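Novice:
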Amino acid sequence: MVHTTELSFELSEDKTIVSSEVSYYQNPNLKNKSNFLFLNGVDLELISILINGVEPNYKLVKDGLELSDLSAEFVLKINTRIHPEKNTSLNGLYQSSGNFCTQCEAHGFRQITYYLDRPDVLSVFTTHIKADFKRYPVLLSNGNLIESKPGEVTWHDPSLKPCYLFALVAGDFAVLEDAYTTLSGNEVALKIYVEAHNIDKTQFAMDSLKRSFAWDEQRFGLEYDLDVYMIVAVDDFNMGAMENKGLNIFNSTYVLANPETATDKDFINVEAVIGHEYFHNWTGNRVTCQDWFQLSLKEGLTVFRDQEFTSDLHSRSIKRIEDVNGLRTFQFAEDAGPMKHPVRPESYIEMNNFYTFTVYEKGAEVIRMIHTFLGEDGFQKGMKLYFERHDGQAVTIDNFISAMNDANDFNFDVFMTWYSQPGTPEVEIKTNYNVDSQSYCVTIKQLGEHTYYLPIRYGLLNDQGGEVDQGVLVLSEREQSYHFNNLEHEPTPSWLRGFSAPIKLKSDLTLAQRIFLIENDTDSFSRWDNVQELWLLLILKPDQIDETSLFDALENILNNVQDPSLVCEMITLPSERFIHLRVDEIDVVEVKRKREAVIDQLINRFGSLFLNIYTNLNGDDDHELTPEAVGARSLKNICLYYLTKAGKFELAYDQFNNANCMSDRLSSFNALLSVNNPYKDKAIEKFFETYKKDVQVMDKWFSAQSLSPMMSVNGIRQLMKHELFSFNTPNRLRSVVGGFTQNFVQFHNQEGYELLTEVIIKLNGSNPQIGARLVSIYNHWKRYTPELRDLQKQQLESILAIDDLSNDIFEIVHSALK
Ligand code: TRP
Ligand code: ZN
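Quick note on this note's numbering: the sequence shown kicks off at -17 and runs consecutively.
Dropping the structure here:
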């Protein structure tokens, strides 16, 4: 174990030296005492190693260093040389736009110095940084600045933390400063550091940060604990952001936003990620994970918290629809593929591969179910007990569950299946109404091999749409029946309201009942969910549905728009990717053709109605972020999309030229790129000329083109030669190559696969973490039509055969081929 960690960095482009002075002591509770210690270390040049001034017994081994003949307590001094200037993995200490920054979760710290790189080793850190003042005037690390002169500073972080929460930043930044006074009256300095040209895109992030502080106080009673909270935005970052204690490092995409450059979605995402990282200060930092198998302890819980934050501040129902749509599209797919794993994984080769939709999003659903069982008060009681017991500790998911259990006297034994089993549970509901006894019998059955404890939120509606009953059915057995008495007529049931459990539900709802729910349910999620089921039916099995009844219902809704965001979601068809999950064999061309055919029907029936709605909503707009204003823009812009597809190109080009916010500009741009028309190339050029200096907007410019149905493999190769393309910047690579892999019809062919494989092989050498994300595209190869199946398999085999294959990519490819 470690008492204190003292680090000294001498930073420079060609010679960076890291000295560490760490006081180790033997765990007093250890049964089998040993005088041996293994320290992690990767890609380090050892310069010197000393204990009490003498060189200890040590041996350099793969990925670390072995120390022997140790006493129970000692201070170890190690000097190493590292090469941040050559580090393209964006892990450990690296450079972005010439500035230095770090990423230590999960195993990045071992690329900085030899250390016990595990989350249950907590210590107090002191960090000295020296660097050329002219090039690197800003020198930051965790905690409080205790000494400073030009080119030399010392930071001290009084909180106990594992090394994955260590951070260091050095560079030339502009800063936006503000302050927040906590409930208990502490003043916290808030600082957002960005490259100088981005300073006019930081106000929204600052406001989001203050809203995060206030929300966590109000809803969870949790306050911030240091005197300073810093955020640094960098352009080169593998993930979204990192919750390093007191010094968050962000992918600049999730910090920089103003109305001219950010869409409504971007704003809400920035706020959500700022919130997410802030909320980690309690759920993740003050209470951290005992080992990485517990990752969902902090991530599932923190995603739940950020979802609630967004729901409290914006439209709760739309947030839920978006989250469930994402969960079903990405997490359900993961759970049905070769990399499926429980929310608490049991093994990994490369931990970075387990920052997944399952750990994050399914993990959040599991927390949400706990919240549903206990209610807000019970849940908060559990949180309180969790912090009382474990503040300052590294703990397990079981510790969290015990706190919830003990604070509420609620038994979670059966519930733990959610943490231990992979896969999406399937549940079937059958109903029977008995006219004579006026009773309604509901039988719910779990179809899979495991028994889950789960809540089914429901409502029963009468013929007028009035609610005759509502509540939560708690399922804890394989099969259970529920009786509802004194019902004069057979009700229309609304099942799984708000998606109260992350399951696949089969019910005996008739088409007519679904259409009734689309118009009449009081639960927005259920209205959306039912219409999505009908869109799927119309796309995949048109003979089983009479589309006029669906369209009649939609016409009523479109003629009397109550909630424009909801209407927008309802007339948005399931994505191709989502449809792929519902077919036996993926035929990318067929899926696209069938989906487009329904879009044509929609346009034929509602063309003029869409134009009316568009014209009505296309008025003055001061780009407010209220649910009403966001909703109006989203409905207007989906109408514009359909109208553009119907040939109203001038409308889109007009909006493109006159838009006064990025939501409108980008919607019209995407619409113009979705179909051949005379304005498309002009729009591409004009967009480029207007925004070429803006990194965030250029990512949109690249990805809009990559996703365009007119884009070809050769077109992508051209884009990759563009002066603004940058292979080592994950955001740019994701916009161009990642985007193209979602352009199914254009991507899925031999040339597309060859391009992707080339990129993956290059990433294997430069940034394996991103390589592993991209190679996952091939995970579902077995589900494609025979020709594409074979081609993808060949790609996987050729990747597996390359020399020096990284653990990251190996793990994915190996599991895909198994
Ligand atoms: N802990 C981060 C979050 O969810 C995730 C993260 C950021 C990350 N960077 C990473 C995970 C690099 C693995 C590797 O907020
Ligand atoms: Zn997180």
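Using N, Cα and C, we set each Cβ at its ideal position, and we do this for glycine too. Please read all numbers here as calculations on a predicted model, not as lab measurements.
1) Name the one or two DSSP bridge partners that proline 437 has.
2) Under a three-way DSSP split, which group does glycine 74 fall into?
3) Cβ of alanine -14 versus every heavy atom of the ligand ZN: is any distance shorter than 6 Å?
4) Does the beta-carbon of tyrosine 337, which I'm using as the reference point, lie nearer than 6 Å to any heavy atom of the ligand TRP?
5) Starting from the Cα of serine 30, find the closest Cα among Ile128, Arg63, Leu519, Phe481 and give me that residue.
6) Looking at methionine 820 and the ligand TRP, is the gap between the Cβ and the nearest heavy atom below 6 Å?
7) Can you list, in chain order, the residues of its chain whose CB lies under 8 Å from that of proline 609, leaving out five sequence neighbours each side?
8) Is it right to say lysine 662 is buried, meaning 16 or more other beta carbons lie within 10 angstroms of its own, or is it exposed?
9) For methionine 692, is the classification buried or exposed, using 16 other Cβ atoms within 10 angstroms of its Cβ as the cut-off for buried?
10) Which of the three DSSP states is assigned to isoleucine 111 in this structure?
11) Check this for me: beta carbons of threonine 109 and proline 66, under 7 Å apart or not?
12) Kindly give me the distance between the Cβ atoms of threonine 311 and serine 557, rounded to whole angstroms, as I take these residues to be in contact under 8 Å.
13) Give the secondary structure of leucine 553 by DSSP, where H, G and I count as helix, E and B as strand, and everything else as coil.
14) Going by DSSP, what residue range makes up the alpha helix (DSSP H) through isoleucine 791?
15) Alpha carbon to alpha carbon, how far is alanine 641 from glutamine 544? Give it in angstroms, no decimals.
16) Could you tell me which of Ile426, Val454, Ala483, His796 sits nearest to serine 463, measuring between CA atoms?
17) Can you check whether the CB of valine 341 is closer than 7 Å to the CB of glutamate 281?
18) Does the separation of the CB atoms of leucine 429 and glutamate 408 fall below 7 Å?
19) Where does the unbroken beta strand (DSSP E) through proline 140 begin, and where does it stop?
20) Would you give the residue range spanned by the alpha helix (DSSP H) that proline 817 belongs to?
21) Pairs of beta-carbons, one from the region 84 to 97 and one from the region 164 to 179, closer than 8 Å: are there three or more?
22) Hey, alanine 244 and methionine 644: beta-carbon distance below 7 Å or not?
23) Once the 5 residues before and after valine 285 are set aside, which same chain residues still bring their CB inside 6 Å of it?
24) Using DSSP with H/G/I as helix, E/B as strand and the rest coil, what is aspartate 636?
25) With hydrogens ignored, establish whether the beta-carbon of glutamate 281 is closer than 6 Å to any heavy atom of the ligand ZN.
26) Give me, in chain order, the residues of the same chain whose beta-carbon lies closer than 6 Å to that of asparagine 467; leave out the 5 immediate sequence neighbours on both sides.
27) Would you say methionine -17 touches the ligand TRP, meaning its beta carbon is less than 6 Å from a heavy atom?
28) Can you check which of these residues, Leu191, Gly35, Thr184, Ile585, is closest to leucine 622 by C-alpha distance?
29) Out of Pro473, Val170, Gly721, which has the shortest C-alpha to C-alpha gap to asparagine 444?
30) Among Tyr7, Cys271, Trp400, Ile752, which has the Cα closest to the Cα of arginine 100?
31) Glutamate 736 lies in the alpha helix (DSSP H); which residues open and close that run?
32) If the criterion is Cβ atoms closer than 7 Å, does the pair valine 570 and phenylalanine 726 meet it?
33) To which residues of the same chain is glutamate 529 closer than 7 Å at the C-beta, ignoring the five residues directly before and after it?
34) Helix or strand or just coil, what does DSSP make of glycine 427?
35) Does DSSP put histidine 465 in a helix, a strand or coil?
36) Are the beta-carbon atoms belonging to alanine 156 and isoleucine 128 less than 7 Å from one another?
Specialist: The short version:
1) Residue 437 sits at position 455 when you count from the first residue of the sequence shown. DSSP output for proline 437 lists Val456 as bridge partner(s).
2) Locating residue 74 in the sequence shown gives position 92, where the first residue counts as 1. Glycine 74 falls in the strand class under three-state DSSP.
3) Looking up residue -14 in the sequence shown gives position 4. Before going further, note that residue -14 is threonine rather than alanine in the sequence given. Threonine -14: no, Cβ never under 6 Å from the ligand ZN.
4) Position 355 of the sequence shown, counted from the start, is the residue given in the question as residue 337. Within the cutoff, so yes.
5) If you number the sequence shown from 1, residue 30 lands on position 48. Ranking the options by Cα distance to serine 30, first place goes to Arg63.
6) Outside the modelled stretch of the chain, which goes from -17 to 800, sits residue 820, for which no answer is possible.
7) In the sequence shown, residue 609 corresponds to position 627, counting from 1. Within the same chain, proline 609 has close Cβ partners His296, Ser297, Ile300, Ser547.
8) Start at 1 with the first residue of the sequence shown, and residue 662 comes out as number 680. Its Cβ being crowded by 16 or more others within 10 Å, lysine 662 is buried.
9) Stepping through the sequence shown from its first residue, residue 692 is reached at position 710. The residue in question, methionine 692, is exposed, as its Cβ has fewer than 16 Cβ neighbours within 10 Å.
10) Working through the sequence shown from its first residue, we reach residue 111 at position 129. Strand.
11) Taking the first residue of the sequence shown as position 1, residue 109 is located at position 127. Taking the first residue of the sequence shown as position 1, residue 66 is located at position 84. No, Cβ-Cβ distance for threonine 109 and proline 66 is not below 7 Å.
12) Start at 1 with the first residue of the sequence shown, and residue 311 comes out as number 329. Start at 1 with the first residue of the sequence shown, and residue 557 comes out as number 575. Indeed, because the Cβ distance is near 7 Å, the residues count as touching under 8 Å.
13) For this step, residue 553 is matched to residue 571 along the sequence shown. Here residue 553 turns out to be isoleucine, not leucine, going by the sequence shown. Here isoleucine 553 sits in coil by DSSP.
14) Here residue 791 corresponds to residue number 809 of the sequence shown, with the count starting at 1. Taken as a continuous stretch (DSSP letters only), the alpha helix (DSSP H) holding isoleucine 791 covers 789 to 799.
15) Residue 544 sits at position 562 when you count from the first residue of the sequence shown. Residue 641 sits at position 659 when you count from the first residue of the sequence shown. Distance between the alpha carbons of glutamine 544 and alanine 641 is about 25 Å.
16) In the sequence shown, the residue the question calls residue 463 occupies position 481. Among Ile426, Val454, Ala483, His796, the Cα nearest to that of serine 463 belongs to Ile426.
17) Position 299 of the sequence shown, counted from the start, is the residue given in the question as residue 281. Position 359 of the sequence shown, counted from the start, is the residue given in the question as residue 341. Yes, the Cβ-Cβ distance between glutamate 281 and valine 341 is below 7 Å.
18) By one-based count along the sequence shown, residue 429 stands at place 447. By one-based count along the sequence shown, residue 408 stands at place 426. Contact: yes.
19) Position 158 of the sequence shown, counted from the start, is the residue given in the question as residue 140. From DSSP, the beta strand (DSSP E) with proline 140 extends over 134 to 143.
20) It is not possible to answer for residue 817, since the shown part of the chain is limited to -17 through 800.
21) no
22) What you label residue 244 is simply residue 262 of the sequence shown in a count that begins at 1. What you label residue 644 is simply residue 662 of the sequence shown in a count that begins at 1. Result yes, Cβ atoms of alanine 244 and methionine 644 sit closer than 7 Å.
23) Along the sequence shown, read from residue 1 onward, the residue named residue 285 stands at position 303. So the qualifying residues of the chain are Tyr342, Ala346.
24) Residue mapping note: residue 636 aligns to position 654 of the sequence shown, counting from 1. Aspartate 636 falls in the helix class under three-state DSSP.
25) The residue you call residue 281 lines up with position 299 of the sequence shown. Under cutoff, so the answer is yes.
26) Taking the sequence shown and counting its residues from 1, the one referred to as residue 467 is at position 485. The answer, listed in chain order, is Ser421.
27) As a working note, residue -17 is residue 1 in the sequence shown. False, no ligand heavy atom lies under 6 Å from that Cβ.
28) Against the sequence shown, residue 622 aligns to sequence position 640. Cα-wise, what sits closest to leucine 622 is Ile585.
29) Start at 1 with the first residue of the sequence shown, and residue 444 comes out as number 462. When each option's Cα is compared against that of asparagine 444, the closest is Pro473.
30) Residue numbering aside, residue 100 sits at position 118 when the sequence shown is read from its first letter. Answer by Cα proximity: Cys271.
31) Your numbering for residue 736 matches position 754 in the sequence shown. Where glutamate 736 is concerned, the enclosing alpha helix (DSSP H) stretches over 732 to 748.
32) Along the sequence shown, read from residue 1 onward, the residue named residue 570 stands at position 588. Along the sequence shown, read from residue 1 onward, the residue named residue 726 stands at position 744. Result yes, Cβ atoms of valine 570 and phenylalanine 726 sit closer than 7 Å.
33) Here residue 529 corresponds to residue number 547 of the sequence shown, with the count starting at 1. Here the set comprises Leu520, Gln583.
34) Here residue 427 refers to the residue found at position 445 when the sequence shown is read from its first residue. Contrary to the premise, residue 427 reads as lysine rather than glycine in this sequence. Strand, per DSSP.
35) Here residue 465 is taken as the residue at index 483 of the sequence shown, counted from 1. Residue state, collapsed to three classes: strand.
36) Here residue 156 corresponds to residue number 174 of the sequence shown, with the count starting at 1. Here residue 128 corresponds to residue number 146 of the sequence shown, with the count starting at 1. No, they are not a contact pair.
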